[in-house]
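Counting in this note's numbering, the sequence shown runs from 3 upward without gaps.
Below is one structure, written out as structure tokens, with a few remarks after it.
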Amino acid sequence: MKKKTQACVKANLCTVTKKKSIATIALCLFLSTVYAQDNNGYDLRNVDSPVYIGDNIKKSMPLGHFINYKAPIANLSDFDGKLVIFGFWFTRCGSCIAEFPRELALQKKMSKDIQIIMVTYETEAAVKKFINSWEQKNKTQFTLPIIVEDTVLKKSFRSLFNPYYVWLDPSGCLVGQTTHLFITQSTVDALIQSSRKEKAILNTASKSTTIR
Numbered sequence: 003m004k005k006k007t008q009a010c011v012k013a014n015l016c017t018v019t020k021k022k023s024i025a026t027i028a029l030c031l032f033l034s035t036v037y038a039q040d041n042n043g044y045d046l047r048n049v050d051s052p053v054y055i056g057d058n059i060k061k062s063m064p065l066g067h068f069i070n071y072k073a074p075i076a077n078l079s080d081f082d083g084k085l086v087i088f089g090f091w092f093t094r095c096g097s098c099i100a101e102f103p104r105e106l107a108l109q110k111k112m113s114k115d116i117q118i119i120m121v122t123y124e125t126e127a128a129v130k131k132f133i134n135s136w137e138q139k140n141k142t143q144f145t146l147p148i149i150v151e152d153t154v155l156k157k158s159f160r161s162l163f164n165p166y167y168v169w170l171d172p173s174g175c176l177v178g179q180t181t182h183l184f185i186t187q188s189t190v191d192a193l194i195q196s197s198r199k200e201k202a203i204l205n206t207a208s209k210s211t212t213i214r
């Protein structure tokens, strides 16, 4: 499985255009189930190196310490059935902050299908202070959940940009790592459609095997 997932990562990083990259992410989404469907998932607290596209993340693993969420601790299973997008940022990253409106708008528009979770290594106190200031300045409530004081997720996914985003499909499989340019409805739609086709193919294959 490693050779196939590594090849998929390389293909994803070498794509030039946005259109081609979306297609690559969708292809990775399909390949992830074909090659990783028997994987129970990695507990990222126990991994020593970054995971690859196509690898599954253990859905019962605590993701970290949350603020701006209904509970201080959550795992992937709490967002069951949704595409989960981790947005990595920090308070001194101007380009990260500039994406807040886009992220908030996309979450609001596609709340049934996705969950954007912001992730930072900074302290709870520092992040709360910054978010309060941002809300007052922009007269906008920041509604996205935030993982603070992160030491697990950052080391588990390759950091290529600021900000950068990690995409997990509803099964907990890593299907993409992108820049802010892909935080769009068209990218989400492409991944959701690919996921549905993938499930249909696997269901058909399963029924055929059962009949035989």
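Ideal Cβ placement from N, Cα and C applies to all residues, glycine included.
Nothing here was measured: the structure is a model prediction, and the numbers come from that model.
(message) If contact is defined by three or more beta carbon pairs under 8 Å, each pair taking one atom from either stretch, is the stretch 41 to 48 in contact with the stretch 150 to 158?
(response) yes
(message) Per the DSSP calculation, residue 118 is bridged to which residue(s)?
(response) 87
(message) Suppose you measure from the CA of residue 197 to the CA of residue 162; what does that come to, to the nearest Å?
(response) 25 Å
(message) Using only the alpha-carbon positions, how far apart do residue 187 and residue 144 sit?
(response) 20 Å
(request) On a CA-only basis, which of 54, 74, 68, 97 is nearest residue 183? Give me that one, please. (result) 97
(message) Considering only the alpha carbon of each residue, which of 129, 102, 61 lies closest to residue 141?
(response) 102
(request) State buried or exposed for residue 173, treating a residue as buried only when at least 16 other CB atoms are found within 10 Å of its CB. (result) buried
(message) Please report the straight-line C-alpha distance between residue 26 and residue 151, rounded to a whole angstrom.
(response) Note that residue 26 scores a pLDDT of 49, beneath 50, so its modelled location is shaky; the value from the coordinates is reported in the next line. Distance between the alpha carbons of residue 26 and residue 151: 32 Å.
(request) With a threshold of 16 other CB atoms inside 10 Å of the CB of residue 189, please say whether the residue is buried or exposed. (result) buried
(message) Among 83, 72, 62, 82, whose alpha-carbon lies nearest the alpha-carbon of residue 148?
(response) 72
(request) Would you kindly report the start and end of the unbroken alpha helix (DSSP H) that includes residue 103? (result) 102 to 111
(request) Compare the Cα-Cα distances from residue 195 to each of 90, 94, 85, 167 and report the closest residue. (result) 85
(request) Mind checking which residues open and close the alpha helix (DSSP H) that includes residue 159? (result) Per DSSP, residue 159 belongs to no alpha helix (DSSP H) and is neither H nor E.
(request) Round the Cβ separation of residue 109 and residue 146 to the nearest angstrom and send it over; I've been treating them as touching at under 8 Å. (result) 6 Å
(request) Could you please give the first and the last residue of the uninterrupted alpha helix (DSSP H) stretch that includes residue 129? (result) 126 to 140
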